[in-house]
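In my numbering, the protein residues as written are 11 to 359.
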């Protein structure tokens, strides 16, 4: 069931970006939020397993409309010198949901059952969607929203020559380099239990160390990007991703291992808002949401592609070989893509 939602959510990113460029982000975000609420009601009323899966797919498709529309809307509403920080703060909500979502869902499910959990959570979701739509129309963000919903108008700063080359290089670096490094996350708990001798409870809690940094590191990474430019941060975090994957196999279970996991989380949290700032600077206004849709789509499916490959390597060789291949791939792809990012490495983008 989780896979059905996740795959549909990734697939929804592409058409969402396309439509956001044509109907505007406000409408698409509202449709997405209200659609998730309605789909939640349908999930709660599902009478068969097939119906449940179909409703989860619908929910995933509609939820996929949020990020490709919201990110350019936020970027357009904030001065260029503060975009990194703003996008970093925006990511706090998504990371916090990984902690609060299961707690709230567990509490409501224990009281009203799993059906009641979906039904009761649909109400505040729908209310928020309507309030969000009204807020954007009513308050100071109205002009910025109107500008963001007319991307065909005069651009604030046309992309410099070579932007397509840099966007392609960035996507390759994110998908191949970042994907190889991130795919290792799925095997860290197994590695800690089988190789380091961690208990099942300890191994299961390790990823919380990685994701904890998402509650605060995003704005810090965005702030650094605002000061020094996105390209140096993107290259540094991409290289560091491979280095950390290589180093994680050396410490025993303890402070050193936990420290590497923590730095992994900080590194990933830094990269996300910085990547969004980079796309904002390189993509033309009339295609911006579409590019964001492609970016989120590729990031959603990267793990699904690389995890089975790394799993096969692990089954046939060892954790050491698996980690070394992932680390080498991440570093080599990043260094290769640096060549295509030339010309703006020293600029603040």
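For each residue, glycine too, the CB sits at the ideal point set by N, CA and C.
- In terms of Cβ geometry, residue 29 and residue 189 do not form a close pair [threshold 8 angstroms].
- In the three-state reduction of the DSSP assignment, residue 271 falls in the helix class.
- Taking a contact to require three or more Cβ pairs closer than 8 angstroms, the stretch 228-238 and the stretch 276-291 qualify as touching.
- If you draw a 10 Å sphere on the C-beta of residue 274, you find 16 or more other C-beta atoms in it, and that means buried.
- The C-alpha of residue 35 lies about 12 angstroms from the C-alpha of residue 85.
- The alpha-carbon separation between residue 121 and residue 115 amounts to approximately 10 angstroms.
- A contact is defined here as three or more CB-CB pairs under 8 angstroms, and the stretch 47-58 fails this definition with respect to the stretch 81-96.
- Selection 230, 254 and 205 evaluated against residue 193 yields 254 as nearest (Cα-Cα).
- Counting along the chain, the unbroken alpha helix (DSSP H) around residue 77 starts and ends at 76-87.
- Sequence-distant Cβ neighbours of residue 258 in its own chain, meaning closer than 6 angstroms and more than five residues away, are 270.
- Each residue's CA atom was taken as its position, placing residue 243 and residue 129 some 43 angstroms apart.
- Approximately 6 angstroms separates the beta-carbon atoms of residue 94 and residue 284; this is inside 8 angstroms, confirming the contact.
- Rounded to the nearest angstrom, the gap between the Cα atoms of residue 334 and residue 245 is 20 angstroms.
- CA-CA distance, residue 147 to residue 40, rounds to 12 angstroms.
- Cα atoms of residue 296 and residue 264: separation of roughly 50 angstroms, rounded to the nearest angstrom.
- Closest in alpha carbon position to residue 15, among 249, 53, 70 and 44, is 70.
- Rounded to whole angstroms, the gap between the alpha carbons of residue 45 and residue 31 is 19 angstroms.
- Counting along the chain, the unbroken alpha helix (DSSP H) around residue 195 starts and ends at 195-204.
- Scanning 73, 74, 72 and 49 for the CA closest to the CA of residue 62 turns up 49.
- Boundaries of the alpha helix (DSSP H) around residue 256: 240-257.
- Measuring C-alpha to C-alpha distances from residue 348 to each of 187, 144, 76 and 22 identifies 187 as the nearest.
- Assignment of residue 57 by DSSP, reduced to helix, strand and coil, places it in the coil class.
- The residue among 304, 119, 336 and 53 with its C-alpha nearest the C-alpha of residue 78 is 304.
- The Cβ atoms of residue 126 and residue 74 do not sit closer than 8 angstroms to each other.
- Using a Cβ distance threshold of 8 angstroms, residue 231 and residue 279 count as a contacting pair.
- With contacts defined as CB atoms closer than 8 angstroms, residue 239 and residue 98 fail to qualify as a contacting pair.
- Here the C-alpha atom of residue 180 lies approximately 34 angstroms from the C-alpha atom of residue 65.
- DSSP places residue 211 inside the alpha helix (DSSP H), whose first and last residues are 210-222.
- Taking residue 301 as the centre and dropping the five residues before and after it, the same chain places the C-beta of 289 and 293 closer than 6 angstroms to its C-beta, in chain order.
- Each of 226, 134 and 142 was checked against the Cα of residue 96, and the nearest Cα belongs to 226.
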